[in-house]
Amino acid sequence: EKGGFDHFMLKEIYEQPRAIKDTFRGRLRPNEGIIKMAGVDQNLERLLNANRIIIAACGTSWHAGLVAEYIFEDLARIPVEVEYASEFRYRNPVITDKDVLIAISQSGETADTLAAIKLAKERGAFVFGVCNVVGSSIARETHAGAYTHAGPEIGVASTKAFTTQITVLTLLALKLAQEKGTYSKSRFREILTEIEGIPHKVEKVLESNPLIEIIAAAYKDASNFLYLGRGYNFPVALEGALKLKEISYIHAEGYPAAEMKHGPIALIDEHMPVVVIATKKGHYEKVVSNIQEIKSRKGKIIAVVTEGDVQVRELADHVIEVPECSESLSPLLTTIPLQLLSYHIAVMRGCNVDQPRNLAKSVTVE
Ligand code: F6R
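Sequence positions in the sequence shown follow full-length UniProt numbering and run 250 to 615.
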């Protein structure tokens, strides 16, 4: 049942090329230059007339929402707010019938997310769901939606659900961008073709697994970790830290790299591993100077870089390469090494990676 893998989590990490492909297959038509999504096509007016998009979710799904904020604003030029469902539902939020709420949930059963949907509906918003479990409560409660086709996710720590959520949200943003005309036709075709190439690039990233295992062995006894990223890769830093906390019980925090000097830099010494996402297209030079700041305080640097990088390689203690890609698609690649790093550290610490203590796969109570 684990398909030859030691744990469901590892199996599910390795399923990502297939899961991402299944999620865009049938929706993406690069030759025709279109994206087909039934739930979007049938509600196009409502989605295009949105004054803003509110994204509500919890945990890893909330991180996918943060990535989506960058995508929607950058590509479709629609203002986005990302909300913890638990805060949103109790805040008496300002919602109008011009708002669109996107609810993201792997299980489709998360109590707080479900309550946020009901509230938004009562106040006239149009509600669009991004769920993995077909026929789940959230899938039924939303006006329309698009499923991720990740397949069953058994490991409690979410992996393939996250990358497939990002895939669906990217398609949705691109489709709205195309309808709004905020994106040039040629660039649109180019990015559709690039999406088609992502599963192969994810496979390339997975080839770094033996190297990541070596890095894991060097830091498995650390008691703290920092994760840093900027732009599209800031939410990836948050997600990397969450994965490590959940399954290895090591304290970890994710930060936007530039926020480091506003506090967390005080934590850095020779015992602090810092995972930095430093790919070429995302504010690279600025991240390099953040890395220099860490190095001068003797922090240990584990960097996720673009293939062929030289500058960061000279500074970092370890580099993990990912293939080159557009910044907007990079989270689909940069997330993978962080999942593997957490996995190996947790295994080496003797933790139950598929069923971490105190956690449930679907949180049906608030
Ligand atoms: C993290 C994790 C949780 C879930 C969160 C939301 O690995 O699994 O943080 O992401 O409980 O669950 P869903 O997506 O089912 O609403």
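Just so you know, even glycine gets a beta-carbon here, dropped at the ideal spot from N, CA and C. If you're wondering where the values come from, they're calculated on a predicted model, not measured in any experiment.
Start-to-end residues for the alpha helix (DSSP H) that takes in residue i
i           : result
residue 512 : No alpha helix (DSSP H) holds residue 512; DSSP gives it neither H nor E.
residue 568 : That residue, residue 568, is in no alpha helix (DSSP H); its beta strand (DSSP E) goes 567 to 571.
residue 251 : Run containing residue 251: none; DSSP gives neither H nor E here.
residue 272 : 265 to 273
Beta-carbon proximity list for residue i, same chain, < 8 Å, skipping 5 on both sides
i           : result
residue 326 : 426, 429, 431
residue 263 : 254, 455
Three-state secondary structure assigned by DSSP to residue i
i           : result
residue 503 : strand
residue 498 : coil
residue 458 : helix
residue 598 : coil
residue 477 : strand
residue 441 : helix
residue 259 : helix
residue 609 : coil
residue 535 : helix
residue 287 : helix
residue 278 : strand
residue 451 : helix
residue 485 : helix
residue 436 : helix
residue 604 : coil
residue 530 : coil
residue 471 : coil
residue 615 : coil
residue 579 : coil
Other residues of its chain near residue i: CB distance less than 7 Å, five sequence neighbours each side excluded
i           : result
residue 492 : 406, 587, 588, 591
residue 543 : 517, 523, 550
residue 541 : 564
residue 560 : 537
Continuous beta strand (DSSP E) stretch holding residue i: start and end
i           : result
residue 527 : 522 to 527
residue 231 : In the structure displayed, the chain extends from 250 to 615; residue 231 sits before or after that span and is not available.
residue 549 : 549 to 555
Residues of its chain near residue i, where Cβ-Cβ distance is below 6 Å and the 5 sequence neighbours each way are ignored
i           : result
residue 482 : 526, 531, 583
residue 393 : 288, 292, 377
residue 330 : 303
residue 246 : The question about residue 246 has no answer here: the residues shown for the chain are numbered 250 through 615.
- Entirely enclosed beta strand (DSSP E) segments - the segment 331 to 355, minimum 3 residues: Counting whole runs of 3 or more residues, the segment 331 to 355 contains the beta strand (DSSP E) stretches 348 to 354.
- Residues passing the C-beta test against the ligand F6R heavy atoms, cut-off 5 Å: Result: 307, 308, 309, 310, 354, 355, 356, 359, 406, 407, 612.
- Query: At what residue ranges does the UniProt domain "SIS" (292 to 431) contain a whole run of the beta strand (DSSP E), taking only runs of 3 or more?
  - Reply: Within the UniProt domain "SIS" (292 to 431), the complete beta strand (DSSP E) runs of at least 3 residues are 301 to 306, 329 to 333, 348 to 354, 375 to 380.
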